[in-house]
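**Q** To start, I am sharing the structure in question, which I have written as structure tokens.
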Amino acid sequence: MMATIDDLAFIYPEQLLIEFTSEDREKAWQQTQNQSYSNASARWNAYLNCLCLNLFLSYLETELDRQEKPAILPSLESLSSIWEMVNGGAIQLGQTRLVLLPSEQSYSSEFRVPREWLEIPHWAGNYYLAVEVNLEESYLQIWGYTTYEQLRERGTCDRADETYSIDTEDLIEDLSVLWVASELYPSQKPQVKSLPSLTSVEATSLIEKLQQNTPYSPRLEVPFIQWAALLANDIFRQQLYQRRIHFSEISHQTAINPVQWLRSSFESGWQSIEAFLNNNSDNLAYSFRQGQKLKEVRQVAVEGVKLIDLGVQLGDRSVALLVGLTQETDEKVGIRVQLYPANGQTYLPHKIKLALLSTSGDMLQESEARIQDNMIQLKRFTCPIGINFKIQVALDDFSIIEDFQIQ
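Every letter in the sequence shown is one number past the one before it in numbering that gives the first Met the number 0, and letter 102, counting from 1, is 101.
Rendered as structure tokens:
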């Protein structure tokens, strides 16, 4: 039997418990729905944080007799670019900054705080609050708090998930101790070591690596110092946020399912190899016809072609992406990917690259055109049903990524 809020108040008399209503939940959900997120995990993280901040802010305004007016930092509207990547939110109360870390976990032996909230100078707080969000019973439970100094000096830094942790038993449960301390001893800004500044080139390189659509935060994909420096810059963080939203929208709109090609159903921009050969008589079609003679040897059941315009800066040249599919078993398909010159060109542009990427953007294999290459290809690979992958064509500053979903 689950404990009621009255039971918890009896068991934990010093801990703060805040009840909330269905209207409170709906308000937080609507606020979250008005913001954009690249994946469901980020949106849920935003919802829990939004609900937590709303309720705690209301508690401060109604229950705490302080002259200072509490404020969410940087603002509720601006927090979406943080919640896309990191859990946690901050409230400023006079000179005191409180960082709230909500979790649905009912109890943990450790209180874990993302490193970003301690090592990004203008994010760091004076006090860090462990908050349980119990959606089933509709209450917040503040397990306790710790200070910046305690986390840095006594906490354990875990490089596996880039967090600082402290034993739950070391938290101070009674928030009245915090309020008295903040009044008697005005909080000083934590002394946080400055992060290195990123150049625009460095930031752009990081954003390109981290912008791909993933079902989770990209915060562990690069060294933490680089990641923290990127997030610390409001402009760079916003750019990364917008790019992740953009790639999420593209992924949902344009994912290619080549299994449909077996039923002669091709997505916009793609066509069967047979249709392409009937409509083209240039060098590309000739190259394809030569390749068609080997189709039985390659054991490709169906092939789709897409013309890719490299743009004005590259002389309006085009290339053709050819993807072949073989149904190997009920649960796997074989994939072959090739790149050809188009628009009458004999050779591919020198150093154009063809790459296979994972859904998180990791490079799995790559092929690069040499001088006078008239075709490059990836090593044939198999893909289980239900797995997604990406194909990238890149040359200098030009890059295009096609998302594939095998269903």
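Beta carbons: idealized from backbone N, C-alpha and C, even for Gly. Values in this document were obtained by computation on a predicted structure and should not be read as measured data.
#1: Is the segment 92-107 touching the segment 44-62 in the sense that three or more CB pairs, one from each, lie closer than 8 Å?
#2: Go through its chain and collect everything with a Cβ distance to Leu-183's Cβ below 7 Å, but skip five positions before and after it.
#3: Would you tell me roughly how many angstroms separate the C-alpha atoms of Phe-275 and Ser-21, rounded to the nearest one?
#4: What's the gap between the Cα of Asn-410 and the Cα of Ala-39?
#5: Does Leu-52 come out as helix, strand or coil in the three-state DSSP assignment?
#6: In angstroms, rounded to a whole number, what distance separates the CA positions of Glu-220 and Gly-333?
#7: Tell me whether Leu-338 is buried or exposed, calling it buried when 16 or more other Cβ atoms sit within 10 Å of its Cβ.
#8: Go ahead and pull the three-state DSSP assignment for Ala-39.
#9: What residues in its chain sit with their C-beta under 6 Å from that of Ser-181, if we drop five residues either side in the sequence?
#10: What are the residues that DSSP puts in a beta bridge with Tyr-126?
#11: Between the alpha carbons of Leu-306 and Gly-343, how many angstroms are there, rounded?
#12: Taking the straight line between their C-alpha atoms, what separation do you get for Glu-207 and Ala-123?
#13: Which term fits Met-362, buried or exposed, when burial requires 16 or more other beta carbons within 10 angstroms of its beta carbon?
#14: Go ahead and pull the three-state DSSP assignment for Val-392.
#15: Give the straight-line distance between the Cα atoms of Arg-236 and Arg-242, rounded to the nearest whole angstrom.
#16: Out of Leu-128, Asp-166, Tyr-147, Ala-202, point me to the one whose CA is closest to Asp-173's CA.
**A** Per the coordinate set shown:
#1: Counting Cβ pairs under 8 Å, three or more are found: they touch.
#2: Here the set comprises nothing.
#3: Phe-275 and Ser-21: Cα-Cα distance of roughly 57 Å.
#4: Residue 410 is absent from the structure shown; the chain starts at 0 and stops at 406.
#5: Per DSSP, reduced to three states, the secondary structure at Leu-52 is helical.
#6: The alpha-carbon of Glu-220 is positioned some 29 Å away from that of Gly-333.
#7: Residue environment analysis places Leu-338 among the buried positions, since at least 16 neighbouring C-beta atoms fall within 10 angstroms of its C-beta.
#8: DSSP places Ala-39 in the helix class (H, G or I) of the three-state scheme.
#9: Around Ser-181: Thr-95.
#10: Per DSSP, the beta-bridge partners of Tyr-126 are Leu-97, Thr-146.
#11: Taking the straight line from one Cα to the other gives about 13 Å.
#12: Glu-207 and Ala-123: Cα-Cα distance of roughly 27 Å.
#13: By the neighbour-count rule (16 or more Cβ atoms within 10 Å), Met-362 is not buried but exposed.
#14: Of the three classes helix, strand and coil, the one that applies to Val-392 here is strand, per DSSP.
#15: If I take the Cα positions, the gap works out to 10 Å.
#16: Distances from the alpha-carbon of Asp-173 to those of Leu-128, Asp-166, Tyr-147, Ala-202 put Leu-128 closest.
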